[in-house]
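Colleague: Right, I'll just put the structure down here and ask away after.
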Ligand code: NDP
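Residue numbers (full-length UniProt numbering): 33 to 319.
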């Protein structure tokens, strides 16, 4: 069963993963709580397993992609007797702590464990745009890398099983920050009767100008020198940021998506860092 790959979980993502494996010529054993979701994959050549245990037994490589870690635990816990000697690749979204806990649990039952974070939506799977973060033992990752590459570019981020979840969540934070700002921008445009469709290309252009920002900010953050090469000092930015709230009031919209950053900017200014860059706000996030 070396060439066979098992996929547990056939939601939108699990189905895309199983399809990609089939398209790449693998034999694929699939299982899903709601069995009917296996039908389109069986039509493409997959084998449908009657139970999760049967699916696990079919392959040395077992890919799991369920809603959350609770569903993974519920699905795997009754079948600890069939895990030994297999590699479990958990592509379910979760936290670093959950990943570490599951890695220890898998080790207790004789399985290698790789945790993964899929940085793609289902239609992107198996395209050059997709990448997947993996963490866990490098030996297991290298052994299965050629198969895992079917999903997209495989990026190994370290032997701490929690690393993939950590970086996945870090990337999603960046994404949600952009989404929050974009939604506020569109609310402002609409408040004046404007067309978001017409405005969107301009916003796109503006955001593209931010492309280099994470790299420049990381330089200041790693050196801890928030005062280096400052062209937009925090005092000036904080004074300007207030205009978001005044404008929101004038236009009759809520500025609640922008509030948390302002609170931090004000605290940083009050702490005497008005001449430094906005990046220094990160110091306030330490607990
Ligand atoms: P779906 O909602 O489409 O599918 C959820 C899957 O989890 C189904 O197979 C469902 O089974 C199963 N499930 C839920 N609860 C249980 C349970 N208690 N026991 C057994 N199975 C259970 O989600 P996706 O496929 O889109 O997402 C799966 C994972 O992939 C998530 O962790 C998600 O964060 C991650 N992901 C998704 C992306 C996306 O854009 N879709 C992008 C990147 C990551 P059933 O069919 O029986 O309900």
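For each residue, glycine too, the CB sits at the ideal point set by N, CA and C.
1) Is it the case that the stretch 180 to 192 contacts the stretch 45 to 64, given that we only count it when at least three CB pairs across the two stretches are under 8 Å?
2) Taking 8 Å as the line, does the beta carbon of residue 210 fall inside it for any heavy atom of ligand 1?
3) I'd like to confirm something about residue 252: is its beta-carbon nearer than 8 Å to some heavy atom of ligand 1, or not?
4) Among 117, 94, 310 and 159, which residue has its Cα nearest to the Cα of residue 256?
5) For residue 212, collect the residues of the same chain with a Cβ closer than 7 Å to its Cβ; drop the 5 residues on either side in sequence, then sort them by chain order.
6) Ligand 3 heavy atoms versus the CB of residue 106: any closer than 8 Å?
7) Taking 8 Å as the cut-off, is the beta-carbon of residue 153 closer than that to any non-hydrogen atom of ligand 1?
8) Decide if the stretch 160 to 174 is in contact with the stretch 192 to 201; the criterion is three or more beta carbon pairs, one per stretch, under 8 Å apart.
9) Output yes or no for whether 9 Å exceeds the beta carbon distance between residue 140 and residue 124.
10) Measuring CA to CA, which of 36, 307 and 316 is closest to residue 294?
11) Could you pull the start and end residues of the alpha helix (DSSP H) that residue 223 belongs to?
12) Do residue 239 and residue 214 have their beta-carbon atoms positioned less than 9 Å apart in this structure?
13) For residue 60, which three-state DSSP category applies?
14) Roughly how far, in whole angstroms, is the beta-carbon of residue 152 from the beta-carbon of residue 119, given that I think they are within contact range, below 8 Å?
15) Using three-state DSSP, classify residue 150 as helix, strand or coil.
16) Tell me whether the beta-carbon of residue 3 lies closer than 9 Å to the beta-carbon of residue 258.
17) Could you tell me the distance, in whole angstroms, from the CA atom of residue 221 to the CA atom of residue 230?
18) Return helix, strand or coil for residue 192, following the three-state DSSP convention.
19) Going by the C-beta, is residue 102 closer than 8 Å to any heavy atom of ligand 1?
20) What does a CB cutoff of less than 8 Å around residue 228 pick up in its chain, not counting 5 residues either side in sequence?
21) What's the gap between the Cα of residue 298 and the Cα of residue 270?
22) Measuring from the CB of residue 187, is there a heavy atom of ligand 1 at a distance below 8 Å?
Modeller: On the basis of the data shown:
1) These segments touch.
2) No, Cβ of residue 210 sits at least 8 Å from all heavy atoms of ligand 1.
3) no
4) 310
5) 289
6) Among the ligands modelled here, namely ligand 1, ligand 3 does not occur.
7) yes
8) yes
9) Not closer than 9 Å, so no.
10) 316
11) 195 to 223
12) yes
13) strand
14) At roughly 21 Å, the Cβ-Cβ gap does not stay under 8 Å, so residue 152 and residue 119 are not in contact.
15) strand
16) Look at the range of the chain in this structure, 33 to 319, and you will see that residue 3 is not part of it.
17) Spanning the two alpha carbons is a distance of roughly 10 Å.
18) coil
19) yes
20) Within the same chain, and ignoring the five residues on either side of residue 228 in sequence, the residues whose Cβ sits closer than 8 Å to its Cβ are 218, 221 and 222.
21) 7 Å
22) No, ligand 1 has no heavy atom inside 8 Å of this Cβ.
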